[in-house]
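Using the numbering used here, read the sequence shown as starting at 1 and increasing by one per residue. Note that beta-carbon positions come from the ideal geometry of N, C-alpha and C, so glycine has one too. What follows is a single structure, written as C-alpha cells, with notes after it.
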Amino acid sequence: MVKKSSKKEKVEKTQEKEVKTIKFKLPKITIWQATTLVLVVLLVGIWTKGCPTGKVTAIPSEEIGQKAIDFINNNLVSPGTSASLVSVEDKESYYVVTTNYRGQNIPVYVTKDGKYMFLSQPLDMTQEIPKQEEEEKETSSCEDLPKSDNPKLIAFVMSYCPFGLQMQRVLNEIVKNIPEMANYIEVRYIGSIADNKIQSMHGEKEGVEDLRQICIREEQSDKYWKYIDCFIKEGKSEECLDEVGIDKPELEACMNDTTRGLKYAQEDFDLNEQYHISGSPTLVLNGERVNEYDFGGRSAEAVKTIICCGFEQQPEFCQQNLTTEQAARAFSPTYSANSGSSGGQC
C-alpha cells in the first residue's frame with residue numbers, strides 16, 4: 001500500500017522549496033551559510049597574504065559593483081532570475097557589495113582588486129565557475145496541481161517591477177481572450193505599511209500605484225483589467241484613469257481613507273506572509289505555490305493551462321488555445337517583444 005503524504009508533510013515540503021528559492025547556487029555551499037565575522041577575517045587574511053607589501057591596485061567602487069553583479073548573474077543565480085546592485089561600501093581593506101535577489105538584500109565581500117568574492121568560501125572572480133551537473137529538479141504536471149470546483153490563481157506582483165508587469169500582461173491577455181477567466185484570477189500586491197503609506201521595493205511611486213490598483217480592484221472592479229491593459233503599455237496612470245472612465249473622486253477617497261485603501265492593502269500583505277512571498281511575480285494556485293516554467297513560462301497559454309489544471313472538471317473554455325509567446329517585460333505597447341523572452345523576479 002502506498003502511504004499518502006499528510007497535510008503537515010506537504011506544508012513542510014512546500015516550506016523547504018520556498019527556502020531554496022532565495023539562495024545563490026554555489027559549489028556545495030550556499031550564501032546563507034556565511035557569517036560576517038568569519039568572512040571578514042578570511043578576507044583580510046588573504047588580502048594581506050597575497051600582498052606582503054600592502055600595495056595593490058584597487059578598482060573603483062562603481063566598477064567593483066558591476067563586476068560583482070555580472071559574476072553573480074553569470075555563475076550563481078537560478079536560471080531565469082537575476083540579482084541587482086543595491087550599494088557598494090568601501091571598508092578600507094575590502095568592499096561590501098549589497099545585492100538584491102528575489103526581493104532580499106544579500107551582502108557579499110570583494111577584495112579591493114576585484115579578484116576574489118567571499119561567500120562562505122573565496123571565489124576567484126577572474127575564473128568562470130565550472131558548471132556542475134544539474135540536480136534533478138522536481139517539476140509539476142497538471143495532475144500534481146491542487147483541484148477545486150472553483151479554482152483561484154493568485155498572482156503576487158509589484159506595479160513597477162518589470163517581471164510583475166510581465167505577469168500582469170500575461171493575465172491581461174488571458175482575460176481579453178477568455179473573459180470568464182477573470183473569475184478565477186486574483187492579483188495581489190507585495191509590500192508593507194509604515195506611517196500610513198505603502199512601502200515597496202521601487203520606491204514611493206510604486207507604493208502609490210499599488211494602492212491605486214488595489215482601490216480600483218476592490219471598488220471599481222469592472223474597470224480593473226481595462227486599467228491594467230492601459231497602464232502596462234507606458235505607465236501613464238492619469239491618462240489611463242481618463243481613458244477607462246475611472247470615478248476619480250471615489251478612487252481618491254479610497255486611497256486617502258485608511259479604513260478603505262490601506263485596509264485592502266493590508267489584506268494583500270497578510271497573504272504575502274501566509275504564502276512566504278519573496279519575489280514578483282509569484283503564483284499560488286488553490287493555496288499552493290506553482291512554477292509557471294513547469295508549464296511553458298510566462299505566456300498566456302502556459303498560465304491559462306495552470307488555471308485550467310486547478311479545476312476538478314475543466315470547463316469548455318479551457319480548450320481555447322492562446323499565444324505561447326513569452327510576454328514582454330516592463331512597460332511595452334505590445335504583448336510580446338524580443339527583450340521580454342526571459343524570466344526573472346524583483
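For residue i, the first and last residue of its enclosing alpha helix (DSSP H)
| i | result |
| --- | --- |
| Asn150 | Element bounds for Asn150: n/a, residue is neither H nor E. |
DSSP-derived helix/strand/coil call for residue i
| i | result |
| --- | --- |
| Val205 | What sits at residue 205 in the sequence shown is Lys, not Val. The answer is helix: DSSP assigns Lys205 an H, G or I state. |
| Gln220 | coil |
| Thr139 | coil |
| Pro60 | coil |
| Pro356 | The requested residue 356 is not part of the displayed model; the chain covers only 1 to 346. |
| Pro162 | helix |
| Thr305 | helix |
| Lys17 | Legend: pLDDT at Lys17 = 42, less than 50; position of this residue unreliable, value from coordinates given subsequently. Reduced to three states, the DSSP call for Lys17 is helix. |
| Tyr335 | coil |
| Ala330 | coil |
| Asn321 | coil |
| Glu133 | Because the pLDDT at Glu133 is just 47, under 50, the model does not fix this residue reliably, and the value given afterwards should be weighed accordingly. Glu133: coil per DSSP, three-state reduction. |
| Gly344 | coil |
Distance between residue j and residue i (C-alpha atoms, nearest Å)
| i | j | result |
| --- | --- | --- |
| Leu37 | Phe118 | Reliability of the predicted coordinates at Leu37 is poor, the pLDDT of 37 falling under 50, and the value obtained from them is presented with this limitation in mind. So the alpha carbons of these two residues sit roughly 12 Å apart. |
| Thr305 | Thr324 | 11 Å |
| Gln314 | Ser141 | 15 Å |
| Val349 | Thr81 | As shown, the chain starts at 1 and ends at 346. That puts residue 349 outside it, with no answer to give. |
| Ile277 | Gln127 | 34 Å |
| Asp247 | Gln320 | 34 Å |
| Glu219 | Ile64 | 48 Å |
| Ser61 | Glu92 | 11 Å |
| Glu133 | Thr139 | Residue confidence is low: Glu133 scores 47 on pLDDT, short of 50, so the model does not pin down where it sits. Its coordinate-derived value is still stated next. When rounded, the distance between both Cα atoms is 17 Å. |
| Glu238 | Cys161 | 19 Å |
| Glu143 | Ala155 | 21 Å |
| Asn177 | Leu322 | 8 Å |
| Glu204 | Trp225 | 23 Å |
| Asn256 | Ile72 | 42 Å |
| Lys49 | Tyr116 | Summary for Lys49: the model assigns pLDDT 43, below 50, so the residue's position carries little reliability; its value from the coordinates is reported in the next sentence. Each residue's Cα considered, the two are about 13 Å apart. |
| Gly344 | Val290 | 15 Å |
| Met181 | Ala58 | 57 Å |
| Phe331 | Cys346 | 15 Å |
| Cys308 | Leu271 | 23 Å |
| Ala83 | Arg329 | 16 Å |
| Val303 | Met167 | 9 Å |
| Ile69 | Glu89 | 14 Å |
| Ile193 | Ser78 | 30 Å |
| Thr98 | Tyr109 | 9 Å |
| Val175 | Gly296 | 18 Å |
| Lys223 | Asp229 | 10 Å |
| Glu234 | Ser299 | 20 Å |
| Asn100 | Pro107 | 8 Å |
| Glu227 | Ser336 | Checking the sequence shown, residue 227 turns out to be Tyr, not Glu. Computed Cα separation, rounded: 19 Å. |
| Pro281 | Lys197 | 22 Å |
Span of the beta strand (DSSP E), counted from its first residue to its last, around residue i
| i | result |
| --- | --- |
| Thr98 | 94-101 |
| Tyr359 | Residue 359 lies beyond the range of the chain shown here (1 to 346); nothing can be said about it. |
Within-7 Å CB hit, residue i to chain C
| i | result |
| --- | --- |
| Pro60 | Absent from the structure is chain C; it holds one protein chain and no more. |
- Task: At 3 residues or longer, and completely inside the stretch 231-291: list those beta strand (DSSP E) runs for me, N to C.
- Result: Whole beta strand (DSSP E) segments, 3+ residues: 282-285, 288-290.
- On the three-pair Cβ rule with 8 Å, is the stretch 282-298 touching the stretch 195-209? Flag = no, the stretch 282-298 and the stretch 195-209 do not touch.
- Query: Where are the alpha helix (DSSP H) runs, 4 residues long or more, that stay fully inside the stretch 62-91, in chain order?
  - Reply: Counting whole runs of 4 or more residues, the stretch 62-91 contains no alpha helix (DSSP H) stretch at all.
- Message: Does the structure place the stretch 236-255 close enough to the stretch 178-191 that three or more beta carbon pairs sit under 8 Å?
- Response: Using a Cβ-Cβ distance cut-off of 8 Å, the stretch 178-191 and the stretch 236-255 are not in contact, since fewer than three pairs of beta carbons, one from each stretch, lie closer than that value.
- Query: At what residue ranges does the stretch 164-213 contain a whole run of the alpha helix (DSSP H), taking only runs of 4 or more?
  - Reply: Qualifying alpha helix (DSSP H) stretches: none in this window.
- Query: Pairing CB atoms from the stretch 208-227 with CB atoms from the stretch 261-268, are three or more of them under 8 Å?
  - Reply: Judged by Cβ distances under 8 Å, the stretch 208-227 makes contact with the stretch 261-268, as three or more pairs qualify.
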